[in-house]
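To start, the structure under review is shown below, and the notes come after it.
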Amino acid sequence: MKLSQETCYIWMKLFGGEKSAVTLVFPRHFLSKYKNTKEDDYDLRATSGRGDSMDIQIVSGFLGAGKTTFLNKYLPLLDGNTVVIENEFGEVGLDGDLIQGDIPVKELYAGCICCSLAIDFRRGIKEIVEWYQPDRIVIEPSGVGRLSDIVTACARAKVKEKIDLRITKLIAIVDLPSYEEYKDGFGAFYQDQIQHARLLLLSNLDQISPEEKKRLVNELKTDNPKAIIYEDDWRFMDGEALLELVNLAEDYEDAPEEVSVPALPADRVFASIAISDPAELTEQRLEEILDHLGDQQYGQILRAKGILSAGESGLMHFDYTPAARKIHTIAESGKQEREEGAWECKVIIIGCDLNDVALRSLFQ
Amino acid sequence: MEYEELKRLMSEQKDEMTAAERMKAYNAGEEVDYIPYTLQAPDPAMADIFGFTTTQFAKDFEVKSEVIRRRKEEFGLDSFNVGLGLKTIGGALGSKLRAPEHGIDYVEEHVLKDYADFDKLEVTDPYKNPVLAPILESAKRLKDRFPDVSMTTSVAGPISTAIAVRPVEMVLKDTRKNPEMLHKLLDLTVECSLRWFEAFYHEFGPVGTNFSDPVTCMDVISKKQFDEYSLPYIKKLIDGTEKIMGSRPGAHICGKTSPIWGDLADAGLFSFSIDNCEDLAVAKAAVGDRMRIAGNVPPVDVMKEGTIDEVIASCKECLEKCADSPAGFILNTGCQLPIGTPKANVEAFIYAARKYGRGARLGHMPKGILEEGFEN
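Protein chains in written order, with my numbering: chain X, 560 to 923; chain W, 884 to 1259.
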């Protein structure tokens, strides 16, 4: 059975003075990458919502940071029904294959950030919920919007419109080479985006030297010591690794005032490794490898997961955290799926100071 | 209090002066019947209250006339503004605007995404430009229809006008990457605005003016950006307006503005309408002797969504904090009156202005506050 995803894109402007908006809906974009899951089956797809509440994720960043590139990469990875609220009408560059014909359905009006925005935004969220009952809304606010304003507006939608929603992921994408210049030059909105994010993704890394990058990442850490910072180029990140990374970032509503995840290390500058052609292993060998993942020589591994071939026995999947590990053998029915290419053998690892060479040699 | 009670109490209040008489006496330092009040950019909300859409209000002369007549009759708002909105000059220069049937217009496509096109832009002529000429024409017809109601006009501030010509993020980026072209763009926006005021003066003589400049707040630009890209053009707009009209304009800026209050007063702004995120008492202490202050009942939480009692309490609080500001005070909303504001809340606002603003005099606490109990 293939899993369908219905994605709606809604454009609205969330900036002062630019009172606007237009809604475009793109129905039924089908994602068929992964098999639907049974209870015992393993699924690489990540879900970040909890219970039946609608999940709200916010992706902010200034012009040139790569928000659209991020959404083009991220949205197809999500399961369930997603509605995207975009900031700028007519200036959206989401990939054509995510958009299959536009059907205007409803206009939303966003007033200036200090007055009507809250009302129109709330009403907009309410209408989306009533019409689409999505599993999640991903909001891309205007590049000059304050992340904290959008969070407040969502929180008010929950209370005033009695919408069962959970604000979860607050992501900011930072044009790292321009970081100091923008921080110094722009109004409060810019720092607001950085300081309220729970996950910071860095862009345009190829424009700066490693030393410069290190210095700027340290500055970002000082400005937001609580956020997870992904230090590599997220554009080249394996999809599942990206989902894992997003999942590692704390949900806003778990700690609205302060980030507090004891399981995460103090240094939250993360990297990831994706191994796309792992070697065939026995279950016993896999267990041995997982026993050693905590060794210092590999770096600090926070999360590892994957699917590997166990030869004639079929497929195994594993799931590793510093506190727990699980290995499952995928049922007989999985074999056929595998032959059809529905499952891909792959290992992803996320952590700090990862020893790329050593980790690859473990699995290859 | 219930609405019936509010109506009963209001029926006992009497207007002794027209708005124009009140303002003239207030400016002269005389005691007035009650504090001057206004509602920030109320046209869309007023159209909504009287059962019209914003598009009907914008396009249908009879609807516009009806709204002006009724808001004078029912709310005592006996002046009207025929001005340029935040995006009008952007539209006049070639940006594509779109207005929903009932809501606020927005820029669908900016005309200046590439500065290579800058030379194609010309200072707009209010008599010939297809966006501006009908607005000027409508002002003439309204003045004919309401010869005794005072008419004002308005424009958007320089940097707020600029973002209707070029997308806001590009304008902000220009402050770092392309200052030269941004200066040219800002210069052009001020030229267009002053050309509008000139045409207005030519048709109607001197009128009151103001500008809204939501981008010039510290949430969007830094103080450094303000000093370099906003203040010089605001100054040019103020000086130019004074030269044309013989009086200095007022302004409304949304959001956080306390770091620039002193600059605005130095630039010669006559009055400043302050957002409800700022504190009127702080503003009074900082610049109250140099600039008239207007504000700042919260538009959403109080005017649109509050109760009658909450509106009254908020108006009273504003008066207690700032009604004795040395250069004067106008009771106002902290930002645009939102569409969907109930009529009862507008009435509660007026009731509170009359009750607690009774016996107002420039630089003094109104008798209404002194006699009804001063809480702060």
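In this text, a Cβ means the ideal position worked out from N, Cα and C, and glycines have one as well. All of these numbers come straight from a predicted model, not from anything done at the bench.
If you ignore the 5 residues before and after K742 of chain X, its C-beta comes within less than 7 Å of the C-beta of Y749 and Q750, all in its own chain and listed in chain order. S1095 of chain W is bridged by DSSP to W:A1039 and W:H1135. For the alpha helix (DSSP H) assignment, the uninterrupted runs of no fewer than 4 residues enclosed by the segment 725-795 of chain X are, from N- to C-terminal side, 738-744, 747-755 and 769-782. Rounded to the nearest whole angstrom, the C-alpha separation of L967 of chain W and T781 of chain X is 45 Å. About 7 Å separates the Cβ atoms of G702 of chain X and G620 of chain X, confirming a contact at the 8 Å cut-off. Taking 8 Å as the cut-off, the beta carbon of L706 of chain X is found no closer than this to the beta carbon of I615 of chain X.
By the beta-carbon neighbour count (other beta carbons within 10 angstroms, threshold 16), S894 of chain W is exposed. Remark: C-beta atoms of G973 of chain W and V1090 of chain W do not approach each other more closely than 8 Å.
With a 10 Å radius around the Cβ and a threshold of 16 neighbouring Cβ atoms, N910 of chain W comes out exposed. Cβ neighbours of G853 of chain X within its own chain (closer than 8 Å, five residues either side excluded): I860 and P881. Distance from A731 of chain X to L761 of chain X at the Cβ level is roughly 10 Å; contact not present, criterion being Cβ atoms closer than 8 Å. At least one C-beta of chain X is nearer than 8 Å to the C-beta of V1103 of chain W. Comparing alpha-carbon positions, the option among W:V1170, W:L1202, W:A1210 and W:L1069 lying closest to G1178 of chain W turns out to be W:L1202. Excluding its 5 nearest sequence neighbours in each direction, I908 of chain X has C-beta neighbours in its own chain below 7 Å: S831, I832, I860, A863 and L918, listed in chain order.
When W:H1135, W:A1227 and W:V1183 are compared, the shortest CA-CA separation from I1213 of chain W is found for W:H1135.
With a threshold of 8 Å between beta carbons, V1185 of chain W makes no contact with chain X.
A distance below 8 Å separates the beta carbons of G1138 of chain W and D1158 of chain W.
Judged by DSSP secondary structure, N1215 of chain W falls within the beta strand (DSSP E) whose first and last residues are F1212 to T1216. Under the DSSP assignment, K1199 of chain W falls in the alpha helix (DSSP H) whose first and last residues are I1191 to C1205. Relative to F933 of chain W, the option among W:H985, W:S1037 and W:T1140 whose CA is nearest is W:H985. For Y989 of chain W, the beta-bridge partners assigned by DSSP are W:R981. Separation of V805 of chain X and K905 of chain X (C-alpha to C-alpha, rounded to the nearest whole angstrom) is 19 Å. According to the DSSP assignment, S894 of chain W belongs to the alpha helix (DSSP H) that extends over Y886 to S894. Per the coordinates, the alpha-carbon of I848 of chain X lies some 13 Å from the alpha-carbon of E839 of chain X. Nearest CB-CB separation between Q939 of chain W and chain X: not below the 8 Å threshold. Within its own chain, the residues whose Cβ lies closer than 7 Å to the Cβ of D826 of chain X, once the five positions on either side in sequence are excluded, are C911, listed in chain order. Of the residues assessed, S1105 of chain W falls on the buried side of the cut-off, its CB having 16 or more other CB atoms within 10 angstroms. Only G702, V703 and R705 from the segment 699-723 of chain X bring a Cβ to less than 7 Å from some Cβ of chain W. As DSSP reads the structure, N1179 of chain W sits in a beta bridge with W:N1215.
Ranked by how close their Cα comes to the Cα of N1093 of chain W, the residues W:P1142, W:F1153, W:Q1108 and W:E1188 have W:F1153 in first place.
Per DSSP, L874 of chain X is one residue of the beta strand (DSSP E) stretching across L874 to Y879.
Counting only the Cα atoms, A1039 of chain W lies some 26 Å from E949 of chain W.
L1163 of chain W carries a helical assignment under DSSP once its states are collapsed to helix, strand and coil. It is roughly 15 Å from the alpha-carbon of L622 of chain X to the alpha-carbon of D997 of chain W.
Taking 8 Å as the cut-off, the beta carbon of D1002 of chain W is found no closer than this to the beta carbon of R1078 of chain W. Three or more Cβ pairs drawn from the segment 1207-1225 of chain W and the segment 1179-1199 of chain W lie within less than 8 Å of each other, which places the two stretches in contact.
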